Amino acid sequence: MLQTIIFIGRSGCGKGTQAELFKNRIRKFEPDLPAGRQVLYVETGEHFRRFLRGENFSAKLSKKIYEVDERQPDFLACYMWSHILLSELDADMHLVFDGAPRALDEAEILTSALKFYGRDKPAVIYINVSREWSEKRLLARGRADDVNLSRIDKRLDWFDKDVMPAVEYFRANPYYRFFEINGEQTIEEVHAEIIASHDYSA
1002 MLQTIIFIGR
1012 SGCGKGTQAE
1022 LFKNRIRKFE
1032 PDLPAGRQVL
1042 YVETGEHFRR
1052 FLRGENFSAK
1062 LSKKIYEVDE
1072 RQPDFLACYM
1082 WSHILLSELD
1092 ADMHLVFDGA
1102 PRALDEAEIL
1112 TSALKFYGRD
1122 KPAVIYINVS
1132 REWSEKRLLA
1142 RGRADDVNLS
1152 RIDKRLDWFD
1162 KDVMPAVEYF
1172 RANPYYRFFE
1182 INGEQTIEEV
1192 HAEIIASHDY
1202 SA
């Protein structure tokens, strides 16, 4: 069965790392799928950064939002991943989302997209870590967006206010298989718990 996996969690929870590990696991155990088309990985962060470097009217407005540490509008976030689906998704591809959706409205739109594509039993992997744990991880990794505690706290506020309603939507929606994972473990332990919970057959 084609896999549809949504990784979601606080900034710094390791969802990108776990998405990459899961993607590699699919490739390892399903080598007969066409080369380069086994898994469509949807991660919008780099698409947003590229968009912000643009010089058109929309990019300039988005850049103003970024510079004052506000959350980008849902329609723009939806465009980032829906554009990837429309241009790259094919019928024989597994689908891995990393960090989207980021709000309840976006989650509902994503549901409509997955149903449009006939994706069966999508799984949501919620990597749960505390706010304090996330703060320490973000400060320790030292990325450009993570050196200022006030910026970090604003992003964590967004998660509590905007993303958690999307998490609860997934948890309560029978269309999805929902798995809550303890993210405050080693990378290997988190990966093992994801595989055990999701029951991804090798």
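Sequential numbering of the sequence shown, starting at 1002, is according to this note's numbering. From the three backbone atoms N, C-alpha and C, an ideal C-beta is built for every residue, glycine too. Because the structure is a prediction, the values reported are computed rather than measured.
Inset, instruction - Measuring alpha carbon to alpha carbon, tell me which of ARG1142, ARG1178, SER1083 ends up nearest SER1198. - result: Indexing the sequence shown from 1 puts residue 1198 at position 197. Cα-wise, what sits closest to SER1198 is ARG1178.
Legend entry - Cβ distance (whole Å) where VAL1130 is taken to contact GLY1010 below 8 Å: Locating residue 1130 in the sequence shown gives position 129, where the first residue counts as 1. Locating residue 1010 in the sequence shown gives position 9, where the first residue counts as 1. 7 Å between Cβ atoms; contact.
Inset, instruction - Could you give the DSSP three-state label for GLU1047: helix, strand or coil? - result: On the sequence shown, residue 1047 is found 46 positions in, with the first residue counted as 1. GLU1047: helix per DSSP, three-state reduction.
Inset, instruction - Apply the 10 Å Cβ neighbour rule to THR1005 and answer buried if 16 or more other Cβ atoms are within range, or exposed otherwise. - result: Taking the sequence shown and counting its residues from 1, the one referred to as residue 1005 is at position 4. Buried, because 16 or more other Cβ atoms sit within 10 Å of the Cβ of THR1005.
Legend entry - DSSP-derived helix/strand/coil call for TYR1118: For the purposes of this step, residue 1118 is taken as the residue at position 117 of the sequence shown. Here TYR1118 sits in coil by DSSP.
Inset, instruction - Give a single yes or no on whether ASN1057 has its beta carbon closer than 7 Å to a heavy atom of the ligand FMN. - result: As far as ligands go, the structure on display features none, and thus does not contain the ligand FMN.
Legend entry - Cβ-based neighbour list, ASP1161, same chain, cut-off 8 Å, excluding 5 preceding and 5 following: By 1-based counting over the sequence shown, the position of residue 1161 is 160. ARG1132, listed in sequence order.
Legend entry - Alpha carbon of CYS1079 to alpha carbon of ALA1173, nearest angstrom: Sequence index remark: in the sequence shown, residue 1079 carries index 78 (1-based). Sequence index remark: in the sequence shown, residue 1173 carries index 172 (1-based). Whole-angstrom Cα-Cα distance: 22 Å.
Legend entry - With 16 other Cβ atoms within 10 Å as the buried cut-off, status of SER1202: Walking along the sequence shown from the start, residue 1202 turns up at place 201. Summary for SER1202: the model assigns pLDDT 43, below 50, so the residue's position carries little reliability, and this model does not support an answer.
Legend entry - Residue(s) in a DSSP beta bridge with ALA1124: Here residue 1124 is taken as the residue at index 123 of the sequence shown, counted from 1. DSSP output for ALA1124 lists ILE1006, ARG1178 as bridge partner(s).
Legend entry - Cβ neighbour criterion (16 or more within 10 Å) applied to LEU1157: Residue 1157 sits at position 156 when you count from the first residue of the sequence shown. Buried, since its Cβ has 16 or more Cβ neighbours within 10 Å.
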